[in-house]
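Residue numbers (the UniProt record's numbering): 1 to 276. A virtual CB, placed ideally from N, CA and C, is assigned to each residue, including glycine. Note that the coordinates shown come from a computational prediction; the quantities given were computed from them, not determined experimentally. One structure below.
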């Protein structure tokens, strides 16, 4: 099954590159460092711990973990991979021996090239990134793989279940899986994760402490808006959801005319379009 998956992924690469180009028309950063997505890049010397966090939210959730890794393994370089430029920007804010690369496409060639250059001893995957070739070749090269802060929505579980064999074999490559709650644990085990190595540990996001300047900015905004004013925050919205939120807020204003809506799209490249 993984061989068929690899073949299909390889055949789809031209269309994936076309999508990358189309996204770069709105966000030019997508045109940068494209060879990294094929596994190319400068080799890393010395011991490395690889952390994969797909985008901004996952990088933010990984920060407490990265900080602890830096304390426990100061001689290691922390290599953080993301899919998005906005995720890359968040990685750049992390102090210490931290490098960023774009995660390679999940084909045997791309993954093998990346692993030969990164020389990682451990891969820590944030939340729900289940890439069959990434996990297969890490296990083949005796790289411990850990899924951290794992979650599995009902909708995602149904999608993964359509490729049950491929999903199960991928999940079984994880050395350990740390999930956010019991429901996530049950869904992952049903999909094929090893129950003996899957454990509920809670959400890493509760370990993240906002920087002092952000806390001060939040207090200043609260005072500017009014301490007693009703504020509705619609955060991490996707395309199509903003209109629903705005329509609901229009109805809410009829009852609470002083209410304030703070609308925050999940992807920063959508900010201008939503504001318009």
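Problem set entry | Same chain only: Cβ atoms within 6 angstroms of residue 139, ignoring 5 sequence neighbours per side | Start at 1 with the first residue of the chain shown, and residue 139 comes out as number 139. Result list for residue 139: 173, in chain order.
Exercise. Looking at C-beta atoms only, is the number of pairs between the segment 1-14 and the segment 71-87 that lie closer than 8 angstroms three or more?
Worked result: no
For this session: Give every residue of the same chain whose Cβ lies closer than 7 angstroms to the Cβ of residue 93, excluding the five residues on either side of it in the sequence, and list them in chain order.
Result: Residue mapping note: residue 93 aligns to position 93 of the chain shown, counting from 1. Here the set comprises nothing.
Exercise. When the Cβ atoms of the segment 110-123 are set against those of the segment 20-34, are three or more pairs found closer than 8 angstroms?
Worked result: no
Problem set entry | residue 167, enclosing alpha helix (DSSP H) - first and last residue | Against the chain shown, residue 167 aligns to sequence position 167. Element bounds for residue 167: 164-171.
Exercise. Just the Cα atoms here: how many angstroms apart are residue 54 and residue 258?
Worked result: The sequence position of residue 54 within the chain shown is 54, counting from 1. The sequence position of residue 258 within the chain shown is 258, counting from 1. For residue 54 and residue 258, the distance between alpha carbons rounds to 38 angstroms.
Exercise. What's the C-alpha gap between residue 190 and residue 175?
Worked result: Within the chain shown, numbered from 1, the residue matching residue 190 stands at position 190. Within the chain shown, numbered from 1, the residue matching residue 175 stands at position 175. Residue 190 and residue 175: Cα-Cα distance of roughly 17 angstroms.
For this session: Please say whether residue 59 and residue 91 have beta carbons closer to each other than 8 angstroms?
Result: Within the chain shown, numbered from 1, the residue matching residue 91 stands at position 91. Within the chain shown, numbered from 1, the residue matching residue 59 stands at position 59. Contact flag set, yes.
Exercise. If you run the structure through DSSP and keep just helix, strand and coil, what is residue 126?
Worked result: Here residue 126 refers to the residue found at position 126 of the chain shown. Strand at residue 126.
Exercise. Hey, how far is the Cα of residue 144 from the Cα of residue 5?
Worked result: Residue mapping note: residue 144 aligns to position 144 of the chain shown, counting from 1. Residue mapping note: residue 5 aligns to position 5 of the chain shown, counting from 1. When rounded, the distance between both Cα atoms is 23 angstroms.
Problem set entry | N- and C-terminal bounds of the alpha helix (DSSP H) containing residue 136 | On the chain shown, position 136 is the one that residue 136 refers to. From DSSP, the alpha helix (DSSP H) with residue 136 extends over 132-140.
Exercise. Roughly how many angstroms lie between the CA atoms of residue 203 and residue 188, to the nearest whole one?
Worked result: Within the chain shown, numbered from 1, the residue matching residue 203 stands at position 203. Within the chain shown, numbered from 1, the residue matching residue 188 stands at position 188. Their backbone Cα atoms lie some 16 angstroms apart in a straight line.
Problem set entry | Whole-Å CB distance - residue 77 paired with residue 46, under 8 angstroms assumed | Within the chain shown, the letter at position 77 stands for residue 77. Within the chain shown, the letter at position 46 stands for residue 46. About 6 angstroms separates the two Cβ atoms, so the contact holds.
Exercise. If you check the beta carbons only, do residue 26 and residue 208 fall under 8 angstroms apart?
Worked result: Residue mapping note: residue 26 aligns to position 26 of the chain shown, counting from 1. Residue mapping note: residue 208 aligns to position 208 of the chain shown, counting from 1. No.
For this session: Rounded to whole angstroms, what's the CA-CA distance from residue 263 to residue 211? Just pull it up for me.
Result: Along the chain shown, one-based indexing puts residue 263 at 263. Along the chain shown, one-based indexing puts residue 211 at 211. Cα-Cα distance, rounded: 22 angstroms.
Exercise. To the nearest angstrom, how far is it from the Cα of residue 150 to the Cα of residue 28?
Worked result: In the chain shown, the residue the question calls residue 150 occupies position 150. In the chain shown, the residue the question calls residue 28 occupies position 28. If you take the alpha carbons of residue 150 and residue 28, they lie about 31 angstroms apart.
Exercise. Based on Cα-Cα distance, which residue from 159, 23, 16 and 125 lies nearest to residue 86?
Worked result: Residue numbering aside, residue 86 sits at position 86 when the chain shown is read from its first letter. Here the closest residue by C-alpha is 23.
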